[in-house]
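Its first residue numbered -1, the sequence shown is counted upward by one per residue in our numbering.
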Amino acid sequence: MKFDTVIIGGGLAGLTCGIRLAKAGQRCAIVSSGQSALHFSSGSLDLLNALPDGSVVTNPMEGVKLLAEQAPEHPYVKIGAERFAVLATEAAELLSEAGVATMGEALKNHYRLTPMGVLKSTWLTFKGYVTSDKADALPWKSVALFNAEGFLDFYTQFLSDEMRKMGTECKVHTFNLPALENIRQNPTEMRSANIARIFDNEDTLSELAAIISREMGDAEAVLLPAVLGVDCRDGVAKLEKRLARKVAVVATLPPSVPGLQVQTLLRRYFQELGGVYLLGDTATGYKSEGDNVTALYTNNHGDIALKADNYVLATGSYFSQGLVASNGEVVEPLFGVDVAYDKVRSNWYERDMFSAQPYESFGVVTNAELQAIRGGRKVDNLYAVGAGLAGFNAVKQGCGAGVSMLTAMSVADKILSKR
């Protein structure tokens, strides 16, 4: 099978790259082994929250200019501050085109309420989720917090306690619905995605609205777990209309509905653009000639090769086995490209679990064009994007989603410029 570009990895980075290429007319295929880190998203996407020295970043556009000195191998440094600003705007536009409605901008981080009740700095938050312009206060003085009876992945006590610390009075309510009884028979089925599916039904949403209307009192806002539908994405708006009250949702513990929705929307958009999404398939090997990859082989296609002019490695980090660590080394298991890591095993981690862990900055080595390096030489038509790259700490720097999207778009542009 012949394509213009084959992308290995169907998460945020892979889909972003594929969409950008497919929009420009390329015939693309994405090889996706299954669940990606997107499924664990808590309702927002980070761009840059902190510098490597720990300095807080409130304006990512300004903060990125300081990275070159502190983290010269950071993927944003390779993109460049000027291009970073353009791509950050275009990334939000790409999400919107795919049907992912967000709020936020790259000029100023805002705050999103986490499942544990604290406000976290972020770049883009999916519309309908609880946000604030302040780091220590919500926009309301009183809220009514509702949870489905028996749903254990939504900690109302943590949420209410933290909200009270921020000056917001929170009254907790539980609700039950006939539709919940079918999944409650097995406690393991009381998970966010299963609960959300019952609210794809308009009648069930109406039943919920009636319960909330009776119990919400004079609260300024009604808050719920993010389970108001999987395919239906306007549950918040529908409840607001019926209740004549502000309604917002809070992401649950993973696996989360917002991540599932974004994954579905991006995949659907990629396929609408003509992309081929090979779900449940795993890349197993490749052929190369000189400094070029000439063919990719997958588990499902056996000896039928996926041939392309360019290949993009978007397999992620340790979570998705884009990187594999043993006692003495960290490797990229598919192409065997070079990985930057400390050769002294004891230097991989800090004993303080809340410190920046060195292993989180290990990753695939690339040149300034994000071409992968193997044996010290660039592979001309193999690019690396996303979480598997070296030189940044997604957790401590709050830049995981931004690195995934912006490196993917940058590589797509480099591929397109070859034509």
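Where a beta carbon is used, it is the ideal one built from N, C-alpha and C, also for glycine.
Where lysine 139 sits in the DSSP three-state scheme: By one-based count along the sequence shown, residue 139 stands at place 141. DSSP places lysine 139 in coil when its eight states are reduced to three.
Does the count of Cβ pairs from the region 122 to 142 and the region 99 to 106 closer than 8 angstroms reach three? yes
Under 8 angstroms Cβ to Cβ from valine 377, same chain only, skipping five residues before and after it: list those, please. Along the sequence shown, one-based indexing puts residue 377 at 379. Excluding positions up to five away in sequence, the list reads Ser286, Asp289, Asn290, Val291, Phe333, Val335, Gln369, Ala370, Ile371.
Sequence-distant residues of the same chain with beta carbon closer than 6 angstroms to alanine 133, five excluded per side: Position 135 of the sequence shown, counting from 1, holds the residue named residue 133. Excluding sequence neighbours, alanine 133 sits near Tyr109, Leu117.
Would you be able to state if there are at least three C-beta pairs under 8 angstroms between the region 236 to 244 and the region 21 to 38? no
Which value, in whole angstroms, describes the spacing of the CA atoms of glycine 396 and alanine 48? Numbered from 1 along the sequence shown, position 398 holds the residue referred to as residue 396. Numbered from 1 along the sequence shown, position 50 holds the residue referred to as residue 48. Rounded to whole angstroms, glycine 396 to alanine 48 spans 6 angstroms at the Cα level.
Three-state class that DSSP yields for isoleucine 371 in the structure shown: Taking the first residue of the sequence shown as position 1, residue 371 is located at position 373. Note: isoleucine 371 maps to strand in three-state DSSP.
On the DSSP bridge list, what partners appear for glycine 386? Locating residue 386 in the sequence shown gives position 388, counting from the first residue. Glycine 386 is bridged by DSSP to nothing; it lacks a bridge partner.
Span of the alpha helix (DSSP H), counted from its first residue to its last, around alanine 249: As a first step, residue 249 must be located in the sequence shown, where it is residue number 251. Taken as a continuous stretch (DSSP letters only), alanine 249 belongs to no alpha helix (DSSP H), as it is neither H nor E.
Have a look at Ala35, Gly148, Tyr153, Thr282 and flag the residue whose alpha-carbon is nearest the alpha-carbon of arginine 257. For the purposes of this step, residue 257 is taken as residue 259 along the sequence shown, with counting starting at 1. In the sequence as displayed, the identity of residue 257 is glycine instead of arginine. The residue with the shortest Cα to Cα distance from glycine 257 is Ala35.
Taking its Cβ as the centre, do 16 or more other Cβ atoms sit within 10 Å of aspartate 44, making it buried, or is it exposed? Sequence index remark: in the sequence shown, residue 44 carries index 46 (1-based). By the neighbour-count rule (16 or more Cβ atoms within 10 Å), aspartate 44 is buried.
So the candidates are Arg18, Ser31, Cys15; which of them puts its Cα closest to the Cα of serine 318? By 1-based counting over the sequence shown, the position of residue 318 is 320. Answer by Cα proximity: Ser31.
Threonine 120 to serine 42, Cα distance in whole Å? Looking up residue 120 in the sequence shown gives position 122. Looking up residue 42 in the sequence shown gives position 44. Between threonine 120 and serine 42, the C-alpha separation is close to 7 angstroms.
By Cβ distance below 8 angstroms, which residues in the same chain neighbour lysine 139 in space, the five residues on each side in sequence not counted? For this step, residue 139 is matched to residue 141 along the sequence shown. Residues of the same chain with a CB within less than 8 angstroms of the CB of lysine 139, apart from the 5 flanking positions on each side, are Gly165, Thr166, Glu167, Glu218 in chain order.
Does DSSP put tyrosine 153 in a helix, in a strand, or in coil? Taking the sequence shown and counting its residues from 1, the one referred to as residue 153 is at position 155. In the structure shown, tyrosine 153 sits in coil (DSSP, three-state: anything other than H, G, I, E or B).
Are leucine 304 and leucine 311 closer than 8 angstroms when you measure CB to CB? Against the sequence shown, residue 304 aligns to sequence position 306. Against the sequence shown, residue 311 aligns to sequence position 313. In this structure, leucine 304 lies away from leucine 311, with their beta-carbon atoms at least 8 angstroms apart.
If we count the other Cβ atoms within 10 Å of its Cβ and call it buried at 16 or more, is serine 158 buried or exposed? Locating residue 158 in the sequence shown gives position 160, counting from the first residue. Per the 10 Å Cβ criterion, buried.
Taking methionine 403 as the reference, which of Ser53, Glu67, Leu10 has the closest Cα? Position 405 of the sequence shown holds residue 403. That would be Leu10, whose Cα lies nearest to the Cα of methionine 403.
Given phenylalanine 173, which residues of its chain have a CB within under 7 angstroms of its CB, disregarding the five upstream and five downstream residues? Counting from one through the sequence shown, the residue named residue 173 turns up at place 175. Phe144, Ala146, Glu147, Leu206, Ile209.
In three-state terms, what does DSSP make of isoleucine 468? The first residue shown for the chain is -1 and the last is 417, placing residue 468 beyond what the model contains.
Short CB-CB distance (under 8 angstroms) between asparagine 174 and chain B: No chain B appears in the structure shown, which is made up of a single protein chain.
With three or more C-beta pairs closer than 8 angstroms as the rule, is the region 222 to 231 touching the region 189 to 205? yes
Contact set for glutamine 269: own chain, Cβ-Cβ below 8 angstroms, skip 5 residues either direction: On the sequence shown, position 271 is the one that residue 269 refers to. Taken in chain order, the residues that qualify are Tyr275.
Write down every uninterrupted run of the beta strand (DSSP E) in the region 160 to 188 whose length is 3 residues or greater and which is fully enclosed by it, in chain order. 167 to 173
Following a CB-centred definition, is leucine 65 positioned closer than 7 angstroms to any heavy atom of the ligand SAH? In the structure on display, the ligand SAH does not appear, and there are no ligands present to speak of.
Rounded separation between alanine 90 and proline 70 - CA only: The count along the sequence shown starts at 1 and reaches residue 90 at position 92. The count along the sequence shown starts at 1 and reaches residue 70 at position 72. Their Cα atoms are separated by approximately 26 angstroms.
Roughly how many angstroms lie between the CA atoms of aspartate 307 and proline 50, to the nearest whole one? Position 309 of the sequence shown, counted from the start, is the residue given in the question as residue 307. Position 52 of the sequence shown, counted from the start, is the residue given in the question as residue 50. Rounded to the nearest angstrom, the two C-alpha atoms are 36 angstroms apart.
Look up asparagine 308 in the DSSP assignment and give the residues it is bridged to. Within the sequence shown, numbered from 1, the residue matching residue 308 stands at position 310. For asparagine 308, which the question treats as bridged, DSSP gives the partners Thr3.
Since leucine 64 and histidine 72 should fall inside the 8 angstroms C-beta cutoff, what is the C-beta to C-beta distance between them, to a whole number of angstroms? For the purposes of this step, residue 64 is identified with residue 66 of the sequence shown, where counting begins at 1. For the purposes of this step, residue 72 is identified with residue 74 of the sequence shown, where counting begins at 1. Wrong, their Cβ atoms sit about 10 angstroms apart, outside the cutoff.
Can you tell me whether methionine 114 is buried or exposed? The criterion is at least 16 other CB atoms within 10 Å of its CB, across all chains shown. As a first step, residue 114 is located in the sequence shown; it is residue number 116 there, counting from the start. The residue in question, methionine 114, is exposed, as its Cβ has fewer than 16 Cβ neighbours within 10 Å.
Residues in the same chain with beta-carbon distance under 7 angstroms from glutamate 80, minus the five sequence neighbours each way, listed in chain order, please. As a working note, residue 80 is residue 82 in the sequence shown. Within the same chain, glutamate 80 has no close Cβ partners at all.
Give me, in chain order, the residues of the same chain whose beta-carbon lies closer than 6 angstroms to that of asparagine 391; leave out the 5 immediate sequence neighbours on both sides. Stepping through the sequence shown from its first residue, residue 391 is reached at position 393. Around asparagine 391: Ala354, Glu358, Ser359.
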